[in-house]
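Trainee:
Residue numbers (our numbering), protein chains in the order written: chain Z, 1 to 330; chain C, 1001 to 1250.
1) Which ranges would you report for the alpha helix (DSSP H) in the segment 182-259 of chain Z if only whole runs of at least 4 residues count?
2) Hey, how far is the Cα of residue 149 of chain Z from the Cα of residue 157 of chain Z?
3) At a Cβ threshold of 8 angstroms, is residue 70 of chain Z touching chain C?
4) Quick one: measure Cβ to Cβ for residue 1208 of chain C and residue 1233 of chain C, integer angstroms, because I've assumed they're closer than 8 angstroms.
5) For residue 1199 of chain C, which residues of its own chain have a beta-carbon under 7 angstroms away from its beta-carbon, when the five flanking residues on both sides are left out?
6) For chain C, find out if any of its Cβ atoms is closer than 8 angstroms to the Cβ of residue 80 of chain Z; answer yes or no.
7) Using a Cβ-Cβ cutoff of 8 angstroms, what residues of the segment 1137-1164 of chain C are near chain Z? List them in chain order.
8) Can you tell me whether residue 53 of chain Z is helix, strand or coil according to DSSP?
9) Short check: CB of residue 1194 of chain C to CB of residue 1034 of chain C, under 8 angstroms?
10) Please determine, among C/1183, C/1173, C/1061, the residue with the shortest C-alpha to C-alpha distance to residue 26 of chain Z.
11) State the DSSP-derived secondary structure class of residue 1024 of chain C, mapped to helix, strand or coil.
12) Excluding the 5 residues flanking residue 1174 of chain C on each side, which residues of the same chain have their C-beta closer than 7 angstroms to its C-beta?
13) Residues in the same chain with beta-carbon distance under 8 angstroms from residue 117 of chain Z, minus the five sequence neighbours each way, listed in chain order, please.
14) What does residue 1036 of chain C touch in chain Z if you count any residue whose Cβ is under 8 angstroms from its own?
15) Under a three-way DSSP split, which group does residue 1052 of chain C fall into?
16) Under 8 angstroms between the Cβ atoms of residue 261 of chain Z and residue 255 of chain Z?
17) Could you give the first and the last residue of the continuous beta strand (DSSP E) run that contains residue 89 of chain Z?
18) Hey, residue 80 of chain Z and residue 131 of chain Z: beta-carbon distance below 8 angstroms or not?
19) I want to verify the contact list: residues of chain C whose CB lies under 7 angstroms from the CB of residue 27 of chain Z, in sequence order.
20) Within the continuous alpha helix (DSSP H) that includes residue 285 of chain Z, where are the two ends?
21) Assuming residue 54 of chain Z and residue 1187 of chain C are in contact, meaning their beta carbons sit under 8 angstroms apart, how far apart are those beta carbons, in whole angstroms?
22) Just to confirm before moving on: does the CB-CB distance between residue 1078 of chain C and residue 1091 of chain C stay below 8 angstroms?
23) Have a look at residue 235 of chain Z and residue 216 of chain Z and give me their C-alpha separation to the nearest angstrom.
24) Count the other C-beta atoms from every protein chain shown that fall within 10 angstroms of the C-beta of residue 1228 of chain C, then say buried if there are 16 or more, exposed otherwise.
25) State the Cα-Cα distance for the pair residue 159 of chain Z and residue 243 of chain Z, rounded to the nearest angstrom.
26) Just to check my reading of the structure: residue 43 of chain Z and residue 108 of chain Z have Cβ atoms closer than 8 angstroms, yes? What is that Cβ distance to the nearest angstrom?
27) Say whether chain C places a C-beta atom closer than 8 angstroms to the C-beta of residue 131 of chain Z.
28) Just checking my contact of residue 331 of chain Z with residue 1243 of chain C at CB under 8 angstroms: how many whole Å lie between their CB atoms?
29) Kindly provide the ranges of any beta strand (DSSP E) runs that are 3 or more residues long and lie completely inside the segment 88-138 of chain Z, ordered along the chain.
30) Just how far apart, CA to CA, sit residue 1239 of chain C and residue 1205 of chain C?
31) Residues of chain Z with a CB under 8 angstroms from the CB of residue 1186 of chain C: which are they?
32) Along the chain, which unbroken stretches of the alpha helix (DSSP H) at least 4 residues long are found entirely within the segment 1142-1209 of chain C?
33) Measure how close the beta-carbons of residue 1056 of chain C and residue 1160 of chain C come, nearest whole angstrom, since I'm counting them as under 8 angstroms.
34) Does any C-beta atom of chain D lie closer than 8 angstroms to the C-beta of residue 21 of chain Z?
35) Compute the distance between the beta-carbons of residue 1103 of chain C and residue 1041 of chain C, then report whether it is under 8 angstroms.
36) Could you confirm whether any beta carbon from chain Z is found closer than 8 angstroms to the beta carbon of residue 988 of chain C?
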């Protein structure tokens, strides 16, 4: 192999190496060397948890950048976010550290914010909110476990006793032991009752076993339902009437709620009372008619005379009848 | 004591050779032909074995990782495991070991032969320093070629892992998912760290092999002993350097 060929191969090999290095760099660094690098935002947190440089920044699940740097700034931790130039983040959008997996993988999640809000500028600070991390969750689960253990311990003490007094089981055992005769009697009675029920004896037994009784009961229930329905209608009507009365409609409503009407009624009653008083005292024509017997006697005499005159009419002609009537009356 | 003395002597002579070689760095442009020849031998001819070995290392890494990680449902992270392992550790170390076995042994054998057959003495007689003519082009070539070999080893290893991850029944991870995870958890800095390590190992291996070859004394039997010693020392050097360089780069 001559020198020229050797040189060419070495040169090709070296160029291949450079090309592969370049491809690797472009792939792993996102090809950011000559591209528009976008802009940076600062996100301040109480703690960055497992967040580290190079972690993704996602908006609504879409990768829009990465964490460029993490640093302490006074009493808080800051993450400098490198955001793609074409990703606009609303000024009211909030960033949070999101846990992508249980093995410590985190990313910055940014919500969409309000549609019309102005976009954040380069170097601006984005609002943040705290999300519970795995340690907080585990602590909470631990606390829950302790509470559960306490509750179960208390339950166990209740069931088994705390050494001083007997537990629930001991008390139940004592009750059963002390009342074994009664319990036995009760069980016997229960057995008898259920046997009777099964045989269809007694009211309840018949009710359970007799289909006719069952049908009657169903019919009675249907009747009750019908009655209840009617009662409901009646109540509805009554409610309507009451509503009308309350609203001052109708005679009763006017009577109850119309003050003018009430005043008129009051005057009318007063007048009636005055009339009745006069009647009782025998004043006026009607009072005299009621209280003076003379008028009654006179009327009776007149009626008798008329009766006689009519009797005479049957025996005489029409001309004499007029005379008889006139004579009888006058 | 004799052994310790021998080790210290080896350290000292290697450092002396390094210093002497750096003093001739200005003559490198005039040795272009030798430099190209060494690049060809160190880089181009080593490429096939590096590619084959790294492919199967990546493949077996994916296989073992898939087998272990399927037990706790983490096999989707095989991509990142293979990627990081190859780039940060296995790629550089494997390239360095291949260099020690294939190139280092050849360098030692060549220089030891020249020393034993007094060619080196003849060069010195002609006022041609062996460090300038024999060591400088090799060191320069290894510095240029090792990163290329290492990046090829990384990429071929990743692809080997991807193929195994796809076609192994109990792993069955699509290459898209494999490379997606690999990209998510890897930075270019990881690859750069690997290249720096490979560079350090390659430089150390060639320097040590040159030094052992130039310090060979005796007859032809000593050539074989020198080659064996050079490979053993190179392997130890690689693994010792690996720990310290990793510690520094982390």
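Even for Gly, the Cβ is constructed at its ideal location relative to N, Cα and C.
Mentor: Judging by the given coordinates:
1) Fully enclosed alpha helix (DSSP H) runs of 4 or longer: 202-209, 211-246, 250-257.
2) Here residue 149 of chain Z refers to the residue found at position 149 when the first chain is read from its first residue. Here residue 157 of chain Z refers to the residue found at position 157 when the first chain is read from its first residue. Put simply, the backbone Cα of residue 149 of chain Z is about 12 angstroms away from that of residue 157 of chain Z.
3) On the first chain, residue 70 of chain Z is found 70 positions in, with the first residue counted as 1. No, its Cβ sits nowhere closer than 8 angstroms to a Cβ of chain C.
4) In the second chain, the residue the question calls residue 1208 of chain C occupies position 208. In the second chain, the residue the question calls residue 1233 of chain C occupies position 233. The pair is a contact, with the Cβ atoms about 5 angstroms apart (cut-off 8 angstroms).
5) Numbered from 1 along the second chain, position 199 holds the residue referred to as residue 1199 of chain C. Sequence-distant partners of residue 1199 of chain C (beyond 5 residues in either direction) whose C-beta falls short of 7 angstroms from its own C-beta, in its chain, are 1143, 1146, 1147.
6) In the first chain, counting from the first residue as 1, residue 80 of chain Z sits at position 80. So, not an interface residue.
7) In summary, the residues of the segment 1137-1164 of chain C whose CB is separated from some CB of chain Z by less than 8 angstroms are 1144, 1145, 1147, 1148, 1149, 1151, 1152, 1154, 1155, in the order they occur in the chain.
8) Taking the first chain and counting its residues from 1, the one referred to as residue 53 of chain Z is at position 53. Here DSSP, grouped into helix, strand and coil, assigns residue 53 of chain Z to coil.
9) As a position in the second chain, residue 1194 of chain C is number 194, starting the count at 1. As a position in the second chain, residue 1034 of chain C is number 34, starting the count at 1. Taking 8 angstroms as the cut-off, the beta carbon of residue 1194 of chain C is found no closer than this to the beta carbon of residue 1034 of chain C.
10) Within the first chain, numbered from 1, the residue matching residue 26 of chain Z stands at position 26. With distances taken between Cα atoms, residue 26 of chain Z lies closest to C/1183.
11) One-based indexing of the second chain puts residue 1024 of chain C at position 24. Annotated three-state conformation of residue 1024 of chain C is coil, per DSSP.
12) Within the second chain, numbered from 1, the residue matching residue 1174 of chain C stands at position 174. Excluding sequence neighbours, residue 1174 of chain C sits near 1166.
13) In the first chain, residue 117 of chain Z corresponds to position 117, counting from 1. So the qualifying residues of the chain are 90, 91, 92, 93.
14) For the purposes of this step, residue 1036 of chain C is taken as the residue at position 36 of the second chain. Chain-order list of chain Z residues neighbouring residue 1036 of chain C: 3, 6, 7, 10, by C-beta distance under 8 angstroms.
15) Indexing the second chain from 1 puts residue 1052 of chain C at position 52. Of the three classes helix, strand and coil, the one that applies to residue 1052 of chain C here is helix, per DSSP.
16) By one-based count along the first chain, residue 261 of chain Z stands at place 261. By one-based count along the first chain, residue 255 of chain Z stands at place 255. The answer is yes: Cβ separation under 8 angstroms.
17) Translated into the one-based positions of the first chain, residue 89 of chain Z becomes position 89. Going by DSSP, residue 89 of chain Z is part of no beta strand (DSSP E) at all; its letter is neither H nor E.
18) By one-based count along the first chain, residue 80 of chain Z stands at place 80. By one-based count along the first chain, residue 131 of chain Z stands at place 131. Going by C-beta atoms, residue 80 of chain Z is not nearer than 8 angstroms to residue 131 of chain Z.
19) Counted from its first residue, the first chain places residue 27 of chain Z at position 27. In chain order: 1183.
20) Translated into positions along the first chain, residue 285 of chain Z becomes position 285. Counting along the chain, the alpha helix (DSSP H) containing residue 285 of chain Z begins and ends at 284-291.
21) Numbered from 1 along the first chain, position 54 holds the residue referred to as residue 54 of chain Z. Numbered from 1 along the second chain, position 187 holds the residue referred to as residue 1187 of chain C. Between residue 54 of chain Z and residue 1187 of chain C a beta carbon distance of about 6 angstroms is seen, short of the 8 angstroms cut, so the two are scored as contacting.
22) The residue given as residue 1078 of chain C occupies position 78 in the second chain. The residue given as residue 1091 of chain C occupies position 91 in the second chain. With contacts defined as CB atoms closer than 8 angstroms, residue 1078 of chain C and residue 1091 of chain C fail to qualify as a contacting pair.
23) Position 235 of the first chain, counted from the start, is the residue given in the question as residue 235 of chain Z. Position 216 of the first chain, counted from the start, is the residue given in the question as residue 216 of chain Z. Between residue 235 of chain Z and residue 216 of chain Z, the C-alpha separation is close to 28 angstroms.
24) Within the second chain, residue 1228 of chain C is the residue found at index 228, counting from 1. If you draw a 10 Å sphere on the C-beta of residue 1228 of chain C, you find fewer than 16 other C-beta atoms in it, and that means exposed.
25) Taking the first chain and counting its residues from 1, the one referred to as residue 159 of chain Z is at position 159. Taking the first chain and counting its residues from 1, the one referred to as residue 243 of chain Z is at position 243. If you take the alpha carbons of residue 159 of chain Z and residue 243 of chain Z, they lie about 60 angstroms apart.
26) Translated into positions along the first chain, residue 43 of chain Z becomes position 43. Translated into positions along the first chain, residue 108 of chain Z becomes position 108. Right, their Cβ atoms sit about 7 angstroms apart.
27) Taking the first chain and counting its residues from 1, one reaches residue 131 of chain Z at position 131. Chain C contact via Cβ: absent.
28) Lying before the first or after the last residue shown, residue 331 of chain Z is absent from chain Z, which here runs from 1 to 330.
29) Entirely contained in the segment 88-138 of chain Z, the beta strand (DSSP E) runs reaching 3 residues are, in chain order, 94-99, 106-110, 125-128.
30) Translated into positions along the second chain, residue 1239 of chain C becomes position 239. Translated into positions along the second chain, residue 1205 of chain C becomes position 205. Going from the Cα of residue 1239 of chain C to the Cα of residue 1205 of chain C covers about 11 angstroms.
31) Here residue 1186 of chain C refers to the residue found at position 186 of the second chain. For residue 1186 of chain C, the residues of chain Z that pass the 8 angstroms Cβ criterion are 28, in the order they occur in the chain.
32) Considered as a whole, the segment 1142-1209 of chain C harbours 1175-1185 as its complete alpha helix (DSSP H) runs of no fewer than 4 residues, in chain order.
33) As a position in the second chain, residue 1056 of chain C is number 56, starting the count at 1. As a position in the second chain, residue 1160 of chain C is number 160, starting the count at 1. The pair is a contact, with the Cβ atoms about 6 angstroms apart (cut-off 8 angstroms).
34) The question asks about chain D, but that chain is absent: this structure's protein chains are Z and C.
35) By 1-based counting over the second chain, the position of residue 1103 of chain C is 103. By 1-based counting over the second chain, the position of residue 1041 of chain C is 41. For the 8 angstroms CB-CB criterion, residue 1103 of chain C and residue 1041 of chain C form a contact.
36) Look at the range of chain C in this structure, 1001 to 1250, and you will see that residue 988 of chain C is not part of it.
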